[in-house]
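Numbering (the numbering used here), first residue to last: -5 to 387.
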């Protein structure tokens, strides 16, 4: 049964707030009729404010606290000068002293391409690495986080070539290797600091005294040393392989830098070096005559221009239409060359085209594998300019 408690009642009456709060000065309510003119002005564009801001602190100096602190948080003002001071104070540098017996912890920053700028993915991975480095510093480790940028290979070469062509005219081959590399370094010094600026703006605690470039002398020496050692161990050797050759760059490019275009119908595509568009995605058929004059075999291809480098015609081993052709020799119509009819279940689809496929090992990845399986000759019919050479007849 509920009952009153005098002690609690007395305690409650002393601490219970009044039923009505005391009167306070009131502000006039803003009516809808006041309109937008009396409304608070919208804030200016933060990026514009950041671009217009001039940091009064000398680079590397400690930020002054003499000025009053602004009521609102403006990142470009608050964060300015701190990273420069931390960097100048050596807080990010690792010790190379042999007497330093602290446990070691190091991370090599995956070098971003010098031709680009950092995006959200870079910011994410850099933040995780920075967290690990700072945490280990707090634990008393001798921490090293190595910064650097990648030369970006063909991407940098293309950018520098376009710049030289626009400003001076001669192609890179007229400069020679050493002179062209010097121009790459000049471009890197002029335009490659954008990435390091972004990393510094992020506050990444990198040891900038050890910054590297993947084309600098120590890295180039290491690459040469690795190649020589691999060659001496027999792990690196020269051989006939397919490359992605660019007739505009006059250079081989990696698979990752090649964009493949799949076509399901006839399409006219613009090709560098040609004024008119070129038809692609068309199946062409032509016949090879048997060397003994007993007939012919019709092949289908979407690349008839490579037939000058054909070294075989492949059929499916279970295709009844061509069982009488296995092992026979064919006469090339344009080149003084005899080529065999081979059977290959991996390369040939019986239901596609005529079921007979021309094999050009030096100019098609699938044909190259087929050529390796059957020991076919690799005949290159294109020169560096993309024109037919002497082997094409």
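We put the beta carbon where it would ideally sit given N, CA and C, even for glycine.
Only a predicted model underlies this, so the values are computations on that prediction, with no experimental measurement involved.
- Here residue 111 is exposed: its Cβ has fewer than 16 other Cβ atoms, across all protein chains shown, within 10 Å.
- In the structure shown, residue 375 adopts coil according to DSSP, grouped into three states.
- Per DSSP, the continuous beta strand (DSSP E) segment holding residue 262 begins and ends at 261 to 263.
- Around the beta-carbon of residue 234, fewer than 16 other beta-carbon atoms lie within 10 Å, marking it exposed.
- DSSP links residue 323 through a beta bridge to 334.
- With 16 or more neighbouring CB atoms inside 10 Å of its own CB, residue 376 falls in the buried class.
- Unbroken alpha helix (DSSP H) stretches of 4 residues or longer found wholly inside the stretch 80 to 153: 114 to 132, given in chain order.
- Nearest Cα to residue 59 within the set 76, 48, 325, 45: 76.
- Within the same chain, and ignoring the five residues on either side of residue 130 in sequence, the residues whose Cβ sits closer than 7 Å to its Cβ are 99, 137.
- Within a 10 Å sphere around the beta-carbon of residue 280 sit fewer than 16 other beta-carbons, which makes this residue exposed.
- In this structure, the alpha-carbon of residue 318 lies about 11 Å from that of residue 289.
- Here residue 81 is buried. Its C-beta has 16 or more other C-beta atoms within 10 Å.
- Nearest to residue 327 by C-alpha distance, out of 305, 309, 343, 346, is 305.
- DSSP places residue 282 outside any alpha helix (DSSP H); the residue lies instead in the beta strand (DSSP E), whose first and last residues are 278 to 284.
- Here residue 265 is not near residue 308, since their CB atoms are 7 Å or more apart.
- Separation of residue 101 and residue 139 (C-alpha to C-alpha, rounded to the nearest whole angstrom) is 5 Å.
- The beta carbon of residue 68 is closer than 6 Å to none in its chain, skipping five residues each way along the sequence.
- C-alpha of residue 252 to C-alpha of residue 97: approximately 44 Å in a straight line.
- Here the C-alpha atom of residue 143 lies approximately 8 Å from the C-alpha atom of residue 186.
- Secondary structure at residue 156: helix, using DSSP grouped into helix, strand and coil.
- Minimum Cα-Cα distance from residue 204 among the listed residues 190, 195, 196 corresponds to 190.
- Judged by DSSP secondary structure, residue 181 falls within the alpha helix (DSSP H) whose first and last residues are 171 to 185.
- Contact check for residue 294 and residue 348: beta-carbon distance about 5 Å, within the 8 Å limit, so the pair qualifies.
- Excluding residues up to 5 positions away in sequence, nothing lies with its Cβ nearer than 6 Å to the Cβ of residue 169 in the same chain.
- Within 10 angstroms of the beta-carbon of residue 369 lie fewer than 16 other beta-carbons, which makes it exposed.
- Distance between residue 55 and residue 62, taken at the CA atoms: about 19 Å.
- Judged by DSSP in its simplified three-state form, residue 298 adopts helix.
- Collapsing the DSSP output to three states places residue 72 in a helix.
- Looking at the DSSP output, residue 245 bridges to 240.
- CA-CA distance, residue 150 to residue 45, rounds to 28 Å.
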